[in-house]
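What follows is a short report on a single structure.
As structure tokens, then:
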């Protein structure tokens, strides 16, 4: 039914918003978690000493430069989602404002 679809979509929005929740949380936690993502997003940082080679400082520099560029480009209004009052307008506005602040620091 339409009601089931609405409920499922609201639940999906909740999951998605929790996944990006660090954007609206403590900026230092956000930066730590962003640092942890670097190997996930940059193949060169996944090299190991077990025959796969080692990564270079320049690999980290490039990864940081790319992440910095991405965060500078990112629009705070697309990080969190809202659907038919979920989250509430007040909470959604808070999330967007906190994300803007985090992106300014990051």
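In the numbering used here, the protein residues as written are 148 to 253. C-beta: ideal position from N, C-alpha, C; glycine also. Given the structure is predicted, the values throughout are model-derived calculations rather than measurements.
The straight-line gap separating the alpha-carbon atoms of residue 219 and residue 185 is approximately 16 angstroms. Within the region 168-220, not a single complete beta strand (DSSP E) segment reaches 3 residues in length. Where residue 166 is concerned, the enclosing alpha helix (DSSP H) starts and stops at 149-166. Around residue 223, the same chain offers 243, 246, 247 and 250 as residues with beta carbons nearer than 7 angstroms, after the five sequence neighbours per side are excluded.
The beta carbon of residue 174 is closer than 8 angstroms to those of 248, 249, 252 and 253 in its chain, skipping five residues each way along the sequence.
Excluding sequence positions up to five before and after residue 192, its CB lies within less than 8 angstroms of the CB of 185, 186, 202, 206, 207 and 210, all in the same chain and listed in chain order. For residue 227, DSSP assigns no beta-bridge partner whatsoever. Sequence-distant partners of residue 217 (beyond 5 residues in either direction) whose C-beta falls short of 6 angstroms from its own C-beta are missing from its chain. Residue environment analysis places residue 164 among the buried positions, since at least 16 neighbouring C-beta atoms fall within 10 angstroms of its C-beta.
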